[in-house]
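Accompanying notes for the structure given below.
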Amino acid sequence: MRYYSTNKIAPWADLQKAVVKGLAEDRGLYMPEHIKPLPKEFFENIDNLSFQEIAYTVADAFFGEDVEAEALKNIVYDTLAFDCPIVKVEDNIYSLELFHGPTLAFKDVGARFMARLLQYFIRKENKEQVNVLVATSGDTGSAVANGFLGVDGIHVYVLYPKGKVSKIQECQFTTLGKNITAIEIDGVFDDCQALVKTAFMDKELNSQLKLTSANSINVARFLPQSFYYFYAYAQAVRSLKASGKNADIVMCVPSGNFGNICSALFGKRMGLPIKRFIAANNANDIFYNYLKTGEYVPRASQQTIANAMDVGDPSNFARIYDLYNGNHADICEQISGATYTDEQIAQSMQQCFNTTKYILDPHGACGYQALKESLQDGEIGIFCETAHPAKFKDTVENIIKTEVEIPERLADFMKGEKQSVLMPNDFNTFKDFLLKQK
Ligand SMILES: *Cc1c(COP(=O)(O)O)cnc(C)c1O
Numbered sequence: 319m320r321y322y323s324t325n326k327i328a329p330w331a332d333l334q335k336a337v338v339k340g341l342a343e344d345r346g347l348y349m350p351e352h353i354k355p356l357p358k359e360f361f362e363n364i365d366n367l368s369f370q371e372i373a374y375t376v377a378d379a380f381f382g383e384d385v386e387a388e389a390l391k392n393i394v395y396d397t398l399a400f401d402c403p404i405v406k407v408e409d410n411i412y413s414l415e416l417f418h419g420p421t422l423a424f425k426d427v428g429a430r431f432m433a434r435l436l437q438y439f440i441r442k443e444n445k446e447q448v449n450v451l452v453a454t455s456g457d458t459g460s461a462v463a464n465g466f467l468g469v470d471g472i473h474v475y476v477l478y479p480k481g482k483v484s485k486i487q488e489c490q491f492t493t494l495g496k497n498i499t500a501i502e503i504d505g506v507f508d509d510c511q512a513l514v515k516t517a518f519m520d521k522e523l524n525s526q527l528k529l530t531s532a533n534s535i536n537v538a539r540f541l542p543q544s545f546y547y548f549y550a551y552a553q554a555v556r557s558l559k560a561s562g563k564n565a566d567i568v569m570c571v572p573s574g575n576f577g578n579i580c581s582a583l584f585g586k587r588m589g590l591p592i593k594r595f596i597a598a599n600n601a602n603d604i605f606y607n608y609l610k611t612g613e614y615v616p617r618a619s620q621q622t623i624a625n626a627m628d629v630g631d632p633s634n635f636a637r638i639y640d641l642y643n644g645n646h647a648d649i650c651e652q653i654s655g656a657t658y659t660d661e662q663i664a665q666s667m668q669q670c671f672n673t674t675k676y677i678l679d680p681h682g683a684c685g686y687q688a689l690k691e692s693l694q695d696g697e698i699g700i701f702c703e704t705a706h707p708a709k710f711k712d713t714v715e716n717i718i719k720t721e722v723e724i725p726e727r728l729a730d731f732m733k734g735e736k737q738s739v740l741m742p743n744d745f746n747t748f749k750d751f752l753l754k755q756k
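Each residue of the sequence shown is one higher than the one before, starting from 319 at the first, in the numbering used here.
Spelled out as C-alpha cells, the structure:
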C-alpha cells in the first residue's frame, strides 16, 4: 500500500518510510491510498470472533500487502495482550474501557503496535539499532516507553521536563530500565521538544545514528486504534442479541488531537455500522467551532482538568478533512460536537458516580456527558473511557469525594526505582550523550 501526504506535495511513501519518518516532507500527515471495505460476512459473524481475530482482519486490510500474514498476526496478537471491554454504565450507555493496557490509557494500543512493526522492519533488513527520541509532558512518554519496552533492536530516549510531570507519570517511564533511557531536562516541555527536533535535523548525529520519532500522528500508532471500535461493535451486537433488542450505535470519543476519533471514522469507511459519531471536547473547542461555522481557527491551548485533550490545533484535523474531501456538510453529517468546561466535567463525574457508582476520569466524562445529552430513541451510545481514573487520582478524588483504588500494575510502577539522566537544556550535551551511547 502506498501512503500520500495530506498536503499533497510530498512524494508517495511505502509503509516502511511512512512509519520511520512519521511526518511527510511537506509536513503533512500520511494517509493510506485505499481504505478497503470489509466483506458483509465479516460483520454478520463479528460477534462470534475474538478481539485478536477481529483486529487481525482489520490489520490485514491496511498492512497485509506489506507485512507477511504470519508476522502481522504475531504483531497484532502481541499488541493486544489485554482486553478492551465495553461495560454498561446505565441504560443505553456503555463505556469502552481502553485503560487495561500497561500504562492505563488507550495510547498503549498504538504504541505497542508501532514498536512491533518497527522491529519487523529492522529484522527484515538486518538493520542497525534504531533510536526512538520522544519528548513528553507526561502521557506520551509512558505509552511509547512501555510500548517499546524489551523490543530488540530499538532504544528509546524519553526527554521530560524536570519537576513538571506528576509522580505517577514519571515512574511509568523512569523505572523501566532495559532499552529505555529517561532524560530529565532542566527546562520545560517545549525545551525537550526543541532538543528532539534539533536532533532530527542534525546532520552529524543522523549520519552516525538511526533516529526516528514515535509521535501520535504516525500511521503505525494511529491506524491500529480502529481495532477496538470493531471489537466494541461486536460486543454491543452480542449484548443487544442477548437482550433481544435492536438499536443503532452511536460512538462518542473524547478528543484532543483527534487521532482516536479519526481511526473510528476509518472504521466506518471500512463498513463498520456505526450510525453517527460525537467528538467531545473540553474547553478547547476548536473542532466544535469548525462544525458550527465551517471555519477552522486554531488557537493556543487552554489548560483543563482533562489535560490530555488540551490541544489548540489538533493535528489529525487534516486527516478528517482529507477523508471527507474538505466537505463541511459531509463531516457534519457524520460527526457532531460537544464542549465542556471544567465545572461541567466535574458535575458529570459527580452525577455519574452518585447514580451509577461508575468512576469516570475527566476525559471519559466528556464522552459520557455528550451521550447523555444527545442519545435519541432507538440508539445506544458507547463512549471511550480513554484512561483509568487512578491516573488522575487527586483530581478525581477531589470531585467524587471517594478514594480511587490504584490498579496493581500502576502501583508496581510506583515501587520501582527511578533511573534517569539529569541534563541541562543544552543541545551539545544531549548530542554528545547520544553519540557516546553508540
Ligand atoms: C491522548 C488522550 C486523549 C485524546 O486523544 P486524541 O487521539 O489526541 O484525540 C484523550 N484522553 C486521554 C486520556 C488521552 O491520553
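Ideal Cβ positions, reconstructed from N, Cα and C, are used throughout, including at glycine.
Between ASN599 and VAL629, the C-beta spacing is not below 7 Å.
DSSP places THR530 inside the beta strand (DSSP E), whose first and last residues are 528–530. For the stretch 524–565, the continuous beta strand (DSSP E) assignments of 3+ residues that do not extend past its boundaries occur at 528–530, in sequence order.
Minimum Cα-Cα distance from VAL714 among the listed residues GLN755, ALA624, ASP520 corresponds to ALA624. In the three-state reduction of the DSSP assignment, MET569 falls in the strand class. When C-beta atoms of the stretch 652–669 are compared with those of the stretch 522–537, fewer than three pairs fall below 8 Å, so the two segments do not count as touching. Here SER368 carries a coil assignment [DSSP, helix/strand/coil]. Of THR674, PRO616, PHE605, the smallest CA-CA separation from CYS650 is found for PHE605. Counting only residues of its own chain and dropping the five nearest sequence neighbours on each side, LEU740 has a CB closer than 6 Å to the CB of GLU502.
According to DSSP, GLU703 shares a beta bridge with GLU415. Note: GLY655 is bridge-paired with ALA597 in the DSSP secondary-structure output. Here VAL405 is exposed. Its C-beta has fewer than 16 other C-beta atoms within 10 Å.
For HIS681, the distance from the CB to the nearest heavy atom of ligand 1 is below 6 Å. Here the stretch 550–566 does not lie against the stretch 665–682, with fewer than 3 beta-carbon pairs under 8 Å apart. Annotation for ALA626: no alpha helix (DSSP H) segment contains it, and DSSP assigns it neither H nor E. Excluding its 5 nearest sequence neighbours in each direction, ILE372 has C-beta neighbours in its own chain below 8 Å: ILE364, PHE545, PHE548, TYR549, ALA552, listed in chain order.
Minimum Cα-Cα distance from MET588 among the listed residues GLN334, PHE380, THR397 corresponds to PHE380.
When DSSP states are grouped into helix, strand and coil, TYR322 belongs to the strand group. Secondary structure at THR673: helix, using DSSP grouped into helix, strand and coil. Apart from the 5 residues on each side of it in sequence, ASP679 sits with its Cβ closer than 6 Å to the Cβ of ALA705, PRO707, PHE710 in its chain, given in chain order. Listed in chain order, the non-local C-beta contacts of GLN511 below 6 Å within the same chain comprise ALA453, local neighbours out to five positions each way being set aside.
For PRO350, the secondary structure class from DSSP, reduced to helix, strand or coil, is strand. In this structure, GLN370 and VAL394 form a Cβ contact; the two beta carbons are roughly 6 Å apart against a cut-off of 8 Å. Of all alpha-carbon atoms in LYS749, GLU697, SER413, the one lying nearest the alpha-carbon of HIS681 is that of SER413. If you compare the alpha carbons of THR493, ALA647, LYS480 with that of ASP508, the shortest gap goes to LYS480.
CA-CA distance, GLN437 to GLU723, rounds to 35 Å.
In its chain, beyond the 5 residues on either side, PHE595, ALA597 have a beta carbon closer than 6 Å to the beta carbon of ILE653. Shortest Cα-Cα distance from LEU451 to any of LYS326, ASP712, LYS339, PRO572 involves LYS339. Close CB contacts of SER534 within its chain, under the 8 Å cut and outside five residues either way in sequence, are with LYS425, GLY428, THR458, PHE540, ASN575, GLY577, SER633 (chain order). For PRO357, there is no enclosing alpha helix (DSSP H), since its DSSP letter is neither H nor E.
Counting along the chain, GLU715 sits inside the alpha helix (DSSP H) bounded by residues 711–718. Within the model, the alpha-carbon separation for GLU351 versus PHE360 is close to 22 Å. CA-CA distance, GLU488 to GLY465, rounds to 16 Å. The beta carbons of LEU390 and ALA377 sit closer together than 7 Å.
A heavy atom of ligand 1 is found nearer than 6 Å to the CB of ASN578. Boundaries of the beta strand (DSSP E) harbouring ASN449: 448–453, taken from the DSSP string.
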